[in-house]
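In terms of this note's numbering, the sequence shown has 45 at position 34, counting the first letter as 1, and numbering is strictly consecutive. The beta-carbon is built from N, C-alpha and C at its ideal position, and this holds for glycine as well. Since we're looking at a predicted model, the values are computed, not measured.
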Amino acid sequence: MNCQAVGIAPQDLGGGLPLLKQIQEKQHINWVSMNLVDLKSKNPVFSPLVKTHVGSTQIAILGLTDDQQNPGPRKTYALLSWQDTLPQYVAEVAKESDMVLLLSSYPKSVNREIAQSVDGIDLILESSRHPSGNMNPLKIKNTLLAHVETRGKYLGMMRIHWTDTGKWGLDLARQIRKKQNKLDRIKWQIGRMEKNKQTAELKDNPLYLKLLTDRETFQKEILVLQKEKAAGISDPCSFSNQFIGLRSSMPDDKEVQAIIDHTTREVNSLNKKRKHSSVDRQPSALKKLAGSQVCEECHSLQTAFWQKTQHVRAWQTLVQDDQQFNEDCLVCHVTLPYYDLARVKKEQLLVHLPEKLQDVGCESCHGIAAAHAKNPESTHLDPPNEATCLQCHTQEHDDNFIYTEKVEKIRCPKG
Ligand code: HEC
Ligand code: HEC
Ligand code: HEC
Ligand code: HEC
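This is how it looks when you write it as structure tokens:
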């Protein structure tokens, strides 16, 4: 593949160091990890970093391996923490490099912390463990955080325009657009409240008053940004980012497909056994989700409509495929508690979701709503938008997703 540097994730260590060394020799892969060290000498087993250049721009590529995951028995090597390794290496290369790039297999939360606390890294490429969706790069201080989905299902392509300033531009147009979207949402909520209630009543409504102040704040902030944009800033670094999906219409490799089918069946049957052998748990991680039945009492019209959509059959679809215990499938075919996903995975709750959360329910689109169902007057829900759908309608599972068309098929009726 002619890669200049390849990071090492904990799962790459599953087959042991000898296998990695063998791959390095046979396929000329250049593994980089600064914190994967020999147990005795404490020296890095592979290169800690690679120095390269594009034109006259000097680039340093550093590698970090997540030391918190369990990569099996460690007889010959140790994994040091990023705190003990990264700051020194960055300080060392930052002086002589125009650009510093970090390949990290730590989870997003740790990479954010790195970006916050270690100055001098321009770009972190992380291996994502998010179950669904490619997220756009995130800028923290002067570090850009970027990733693509797992298992090579996507190719991430980033074009970088690097200038002497060494500072990422603010991308004012995008910021303005984001704020404008928020403003539109606030205006929508205000309009809704004004339509439903008497003006006298709204005068003392704290939520209404907050929305009015928010509207003013956002309008002011947008004006400031628009002025800045008009004034222009001197040549900052910029990038464009793209995800290229493996389309489902691409032919499968028969041999690989057979291995995948076999593994999928195994995983499903192992989870099935686990489910049957486990005692009924009280999943407190799910408390914030009400489940679709609760909504019917007050929204019978919308519930009746939803019951005619395909979303209501999403779990049954997996049952028909005998895949209802496969966590890889469940993430998009149920109502997922996104707010506590780490816990849900850790406690293996996906397989144990109560019946009311099986299927793509109201809260998949309208967000967590147990609080709203208890007290609808004081908790409002933001309307769903395209990003809501794209959590599940990824290119890989739906290469025909056109928001404006599909939303008409599922938009709940008014009233
Ligand atoms: C006890 C009655 C009640 C229950 C139960 C209830 N709602 Fe509501 N819901 C309301 C009322 C009343 C409004 C209108 C609020 C307003 O406009 O001020 C509303 C508004 C909404 C809206 C419009 C957006 C908004 O916030 O104004 C959505 C979407 C919604 N509810 C979804 C749900 C979902 C999903 C559930 C189930 C998890 C649910 N509701 C349960 C009473 C209820
Ligand atoms: C939690 C995941 C999830 C979310 C969020 C989601 N969908 Fe779906 N959607 C599915 C699944 C799974 C199916 C297939 C259900 C089946 O047939 O078993 C589906 C089916 C559909 C279908 C019918 C099949 C088709 O493609 O024509 C439409 C239309 C649709 N979704 C539109 C939307 C829109 C619009 C949104 C956002 C407002 C959305 N969905 C949000 C998972 C989701
Ligand atoms: C990233 C989200 C996601 C994951 C993960 C996912 N699905 Fe789906 N699935 C969807 C969406 C969205 C649709 C609706 C697509 C459409 O109809 O256009 C769908 C539709 C389906 C359908 C009905 C339509 C068809 O293509 O025949 C089946 C069957 C299905 N999925 C099975 C599975 C199985 C089995 C797995 C696990 C191996 C899985 N899905 C994992 C999102 C997902
Ligand atoms: C696939 C996504 C999706 C699912 C699932 C879904 N809705 Fe909606 N719902 C929408 C969209 C889109 C709108 C329109 C929002 C707008 O006007 O911007 C909407 C609007 C609403 C509204 C506001 C209607 C009005 O008066 O304007 C309510 C209430 C509502 N939904 C309740 C529910 C309930 C209850 C369920 C489950 C039984 C549910 N929704 C399931 C997408 C969904």
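Nearest neighbour of residue i, chosen from the options [CA to CA]
i: Ser303; options: Ala398, Leu347, Ile201, Val43; result: Leu347
i: Val355; options: Leu300, Leu392, Val371; result: Leu300
i: Thr320; options: Asp370, Arg276, Lys357; result: Asp370
i: Glu160; options: Asn145, Met168, Ile151; result: Asn145
i: Val104; options: Lys62, Val121, Gln313, Ala296; result: Lys62
i: Ser259; options: Asp272, His408, Lys367, Val65; result: His408
i: Arg123; options: Leu97, Gly66, Ile151; result: Ile151
i: Met168; options: Asn147, Asp175, Asp264, Ile187; result: Asn147
i: Asp339; options: Asp272, Pro247, Val323, Thr224; result: Asp272
i: Leu47; options: Lys214, Arg196, Pro365, Asp95; result: Asp95
i: Thr274; options: Lys190, Gln334, Lys206; result: Gln334
i: Val323; options: Ala353, Lys367, Gln359; result: Lys367
i: Ile201; options: Leu218, Gln186, Arg185; result: Leu218
i: Ala296; options: Phe412, Leu364, Val43; result: Leu364
i: Leu90; options: Leu28, Glu107, Leu360; result: Leu28
Per-residue burial, residue i [other beta carbons within 10 Å of its own, 16 or more giving buried]
i: Glu137; result: buried
i: Trp199; result: exposed
i: Gly74; result: buried
i: Ile270; result: exposed
i: Ala102; result: exposed
i: Asp351; result: buried
i: Gly426; result: exposed
i: Thr405; result: buried
i: Ala353; result: exposed
i: Leu30; result: exposed
Whole-angstrom C-beta distance between residue j and residue i, which should lie under 8 Å
i: His254; j: Ile171; result: A small fix is needed here, since residue 254 is Phe in this sequence, not His. Going by Cβ atoms, the distance from Phe254 to Ile171 rounds to 16 Å, so no, they are not a contact pair.
i: His383; j: Pro395; result: Between Pro395 and His383 the Cβ distance is about 14 Å, and since that is not below 8 Å, they are no contact.
i: Cys14; j: Ile34; result: With 8 Å as the limit, Cys14 and Ile34 do not qualify as a contact, their Cβ atoms being about 12 Å apart.
i: Gly180; j: Asp109; result: About 16 Å separates the two Cβ atoms, so there is no contact after all.
i: Ile72; j: Ala16; result: 4 Å
i: Cys400; j: Gln313; result: That belief does not hold up - the Cβ atoms of Cys400 and Gln313 are roughly 17 Å apart, past 8 Å.
i: Cys309; j: Cys373; result: The Cβ separation is near 11 Å, so there is no contact.
i: Tyr100; j: Met45; result: 5 Å
i: Val3; j: Asp49; result: For the chain, the structure presents residues 12 to 426; residue 3 sits outside this window and is missing.
i: Gln69; j: Glu107; result: 6 Å
Close-in-space but distant-in-sequence residues of the same chain around residue i (CB under 8 Å, 5 per side omitted)
i: Ser280; result: Phe336
i: Leu222; result: Ile197, Gln200, Ile201, Met204
Beta-carbon contacts of residue i that lie in its chain and below 7 Å, excluding the five residues immediately before and after
i: Leu183; result: Leu236, Glu239, Lys240
i: Lys193; result: Phe229
i: Asp246; result: Thr174, Thr176
i: Val278; result: Asn337
Close beta carbons around residue i, own chain, < 6 Å, minus the five adjacent residues each side
i: Asp77; result: Pro21, Ser116, Tyr117
i: Ile421; result: Thr320
i: Leu257; result: Lys164
i: Arg226; result: Ile197
i: Glu397; result: Tyr414
(message) Assess contact between the region 150-169 and the region 117-135, defined as three or more Cβ pairs (one per stretch) separated by less than 8 Å. Is contact present?
(response) yes
(message) Within 8 Å, do at least three Cβ pairs link the region 115-125 to the region 13-26?
(response) yes
(message) Using a Cβ distance threshold of 8 Å, determine whether the region 327-345 contacts the region 385-400, with at least three qualifying pairs required.
(response) no
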